[in-house]
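Q: Here it is, the structure, as structure tokens.
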Amino acid sequence: AQSVTQPDIHITVSEGASLELRCNYSYGATPYLFWYVQSPGQGLQLLLKYFSGDTLVQGIKGFEAEFKRSQSSFNLRKPSVHWSDAAEYFCAVGAGNNNDMRFGAGTRLTVKP
Amino acid sequence: NAGVMQNPRHLVRRRGQEARLRCSPMKGHSHVYWYRQLPEEGLKFMVYLQKENIIDESGMPKERFSAEFPKEGPSILRIQQVVRGDSAAYFCASSPGQGTHYSPLHFGNGTRLTVT
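As given, the protein sequences belong to chains B and C, one line each in that order. Just so you know, we're using my numbering here: the first sequence kicks off at 1 and counts up by one. Just so you know, we're using my numbering here: the second sequence kicks off at 1001 and counts up by one.
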């Protein structure tokens, strides 16, 4: 069965600094990969997804993620963080259907002024 | 356009009572998914329903938990005889269809259940 690990529980960055959130997955075939963001008291919003093709995917709000099969990783990046990016970020891996999707434990991002 | 609506936002129950969580999917969506979120554990899939059918309940605890999605009205997640360990945020998501690839999931804002 597929699974995903987010090694960092909490990350703090300064506003304007670059950001990279780590995600490692485990799945025997080509995975479907997702990043979601959750603001406090809100549901999850899809940032970006990878199904196939170009391994660098662009998402909303200036985020991008790169699929690296050799490292089983799908790290999320942003070149310059804004205070409004403070939230919890979830990586998810799927096998082909929504009910197969498995979420990581999340990384909480704090942005310092 | 109304998104996925969950109510109540907050629910407090004493041990042994019943909790009913409601979810109205986005207009035009016929697939509903329920997830439970515990602190520092991410979202755990519970159940996937279509109208009047449970498609996948592999994530549902075997006892006390049930879900339905009737022909008319919202989807209901029901927890009988709640215990403190049921305290969590419960999220509902909907999608327009399953298909051979992922249909985008739209999440509600969740119901935060507290068992005292």
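Using N, Cα and C, we set each Cβ at its ideal position, and we do this for glycine too. Owing to the predicted nature of the structure, the values given are computational and were not obtained by experimental measurement.
#1: Helix, strand or coil, according to DSSP, for I11 (chain B) in the structure here?
#2: Which of helix, strand or coil does DSSP assign to R1084 (chain C)?
#3: Flag L46 (chain B) as yes if its beta-carbon sits less than 8 Å from any beta-carbon of chain C, otherwise no.
#4: DSSP beta-bridge partners for W1034 (chain C)?
#5: With 16 other CB atoms within 10 Å as the buried threshold, where does V1115 (chain C) fall?
#6: Below 6 Å CB to CB, which residues in the same chain sit around M101 (chain B) once its five sequence neighbours on both sides are set aside?
#7: Which residues mark the beginning and the end of the beta strand (DSSP E) in which S1024 (chain C) is found?
#8: For S1103 (chain C), return the contacting residues in chain B, with the cut-off set at a CB-CB distance below 9 Å.
#9: So what does DSSP say about N24 (chain B), is it helix, strand or coil?
A: Reading it off the structure:
#1: Residue state, collapsed to three classes: strand.
#2: It is helical.
#3: True, the Cβ-Cβ gap to chain C drops below 8 Å.
#4: BP columns for W1034 (chain C) point to C:V1047, C:C1092.
#5: Burial is judged here by how many other beta carbons sit within 10 angstroms of a residue's own beta carbon; V1115 (chain C) has at least 16 and is buried.
#6: Excluding positions up to five away in sequence, the list reads A92, G94.
#7: Where S1024 (chain C) is concerned, the enclosing beta strand (DSSP E) starts and stops at 1019 to 1024.
#8: Here the neighbours are N98.
#9: Here N24 (chain B) sits in strand by DSSP.
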